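A short write-up of the structure that comes next.
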Amino acid sequence: MPISAQTWLQRLRELPLSSKTRIMNVCGGHERAIGMAGLRSALPASIELIPGPGCPVCICPEEDIYQAIQLALHERVILVAFGDMLRVPVNVPKKEVRSLEQARAAGADVRPIASPREAVKIAREQPEKSVVFFAAGFETTIAPVAGMLAEGLPFNLSVLLAGRLTWPAVAMLLASEAPGFDALIAPGHVATVMGPEEWRFVVERHHLPAAVAGFSPVSLLAATYSVLRQRLEGRVFLDNCYPEVVRPGGNPGARRQLQAVMEIVDANWRGVGIIPQSGFALKAEFAAHDARRLWPDYNDTARKRAGQMPPGCDCARVVLGKIYPNECVLYGYACTPRTPVGPCMVSDEGACRIWWSSGVREAARTQPVVSS
Amino acid sequence: MCLGIAMQVVAVDGYNARCEAKGVQREVSLFLLQEELVQPGDHVLVHVGYAIQKITAQEARSTWEALDELLALEDAQAARA
Ligand code: SF4
């Protein structure tokens, strides 16, 4: 008989917690489940759940989106991307084309897709056109992209890759002076592909409790309970609270495809900067399908605020778990899902968007305010 | 974006599988599950059109329940908004 959410909450409330514990999650799916289930208000006040770097669209380099927009406008290619990416704004003057959606309105052929397989299909159906697949994502998404490449691409399909690894961002935070969290909930579907072992460094090098969680309130509560108990007992280990899906070693077939197709490189995170060994790049063998090698670089280094978050947008600190979404001064005023200023309000995995759709409608200075 | 969905395999043709969840059928690639034998009736976790893990029927049911729960909560939020 699986333990219910109510029982987990009861157990959590019975823990002899004296000090505040800040638990970071690094997955938009986790944050969504936490927000929708209202877990924050159900937990004892000493437990803080902090959304961390869990949104690949949010940290996708501004230059890459700019490049995709320029390709769509000037090279007359068919530009395909996961739907989330279309509304993310770049930092250009208001009268210029600021997003892929606006590029489409300006006549460019920009199409949202839900799977790499759709990119292949579009390229096969229109051999007279060049198709560029702008692919942003974490390991779970980039493994399918690697699979698509390994299986063999139509000659007219190339990839503009903006793939990132999640753990190096957490490693960077932990190596900094003020990581801002005391325990980690590791992402369930990243671990499904890569294996939970990737997260051992949190326990072994930094002596913080960690637990892999799935996407149900029950799994998240179990992981929360696990890390708190580990902390109380002073015995930390990497727990797996999603064992039905996350196996030791992950998915070896998917990892093999990633290794065959991708290199791991230092990579830029929008508004954050370079994180060592945190990016995927296509290996030289795939140069014929690498949009970065096939097309001219449209990036102009003199462009104002290139690479940064939009003016006034605090997404970078939201992504790093330094502030809660509603601590951004624009939250709920200038920035709502209808008029998003930054990528965290655009993407379904962005913490600002998730908080807004789970009912947080007011800006806060220090404490999150949840409307009922 | 990293959210996978549990589906049941209906038919397999090479690396292509026809899979079903909640009455909806989709073409799914088995390319990332080459080390596993995947047959009709099996369950897989699907992310962006690719099966990323083989799971048991019971695991599939529990992820469906979790998803239902989440969708119901999202509907409730949307209704309140
Ligand atoms: S509320 Fe809007 S402007 Fe502020 S951090 Fe979030 S996305 Fe950026």
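First to last, the protein sequences are chains Z and S.
Start counting the first sequence at 10; every next residue gets the next number (this note's numbering).
Start counting the second sequence at 1054; every next residue gets the next number (this note's numbering).
Don't be surprised by glycine CBs; every beta carbon is placed ideally from N, CA and C.
On a predicted model such as this, the values are computed, not experimentally measured, just so you know.
Can you give the Cα-Cα distance for S/A1125 and Z/E23, rounded to whole angstroms? 29 Å
What is the rounded straight-line gap between the Cα of Z/V379 and the Cα of S/S1115? Per-residue confidence for Z/V379 stands at a pLDDT of 49, beneath the threshold of 50, marking its modelled position as unreliable; the derived number appears in the next sentence. Roughly 29 Å between the two C-alpha positions.
Neighbour flag for S/A1110 against chain Z, beta carbons, 9 Å: no
May I ask you to check if the CB of Z/V327 is nearer than 8 Å to at least one heavy atom of ligand 2? Ligand 2 is absent from the structure shown, which contains only ligand 1.
Cβ of Z/A232 within 9 Å of Cβ of Z/V245? no
Going by DSSP in three states, Z/G92 sits in which element: helix, strand or coil? helix
Residues near Z/T149 by beta carbon distance below 6 Å, same chain, minus five either side: H198, V199 and V202
Check whether the segment 344-359 of chain Z touches the segment 157-172 of chain Z, counting contact only when three or more Cβ pairs, one atom from each stretch, lie closer than 8 Å. no
Relative to the alpha-carbon of Z/L384, which residue among Z/V179, Z/W304, Z/A171 and Z/I56 has its alpha-carbon at the smallest distance? Only positions 10 to 381 of chain Z appear in the structure, and residue 384 of chain Z is not among them; the question remains open.
C-beta contact flag for Z/G44 and Z/E358 at 9 Å: no
Hey, how far is the Cα of Z/E207 from the Cα of Z/R302? 31 Å
Inter-residue spacing [alpha-carbon to alpha-carbon] between Z/A117 and Z/V168: 18 Å
Taking Z/P320 as the reference, give the member of Z/N100, Z/E242 and Z/A219 with the closest Cα. Z/N100
Using the beta-carbon of each residue, which ones in chain Z are nearer than 7 Å to S/Q1078? What S/Q1078 touches in chain Z: nothing, since even the nearest Cβ is about 14 Å away.
Determine the DSSP secondary structure at Z/M318, reduced to helix, strand or coil. coil
Between the CA atoms of Z/A152 and S/L1123 - distance to the nearest angstrom: 26 Å
Counting only the same chain and skipping the five closest in sequence on each side, list residues whose C-beta sits under 8 Å from that of Z/S235. P218, A220, D248 and C250
Residues of the segment 19-43 of chain Z whose Cβ lies closer than 8 Å to any Cβ of chain S, in chain order: C36, G37, G38, R41 and A42
Given Z/A112, which residues of its chain have a CB within under 6 Å of its CB, disregarding the five upstream and five downstream residues? I78, A81, L82, V106 and V119
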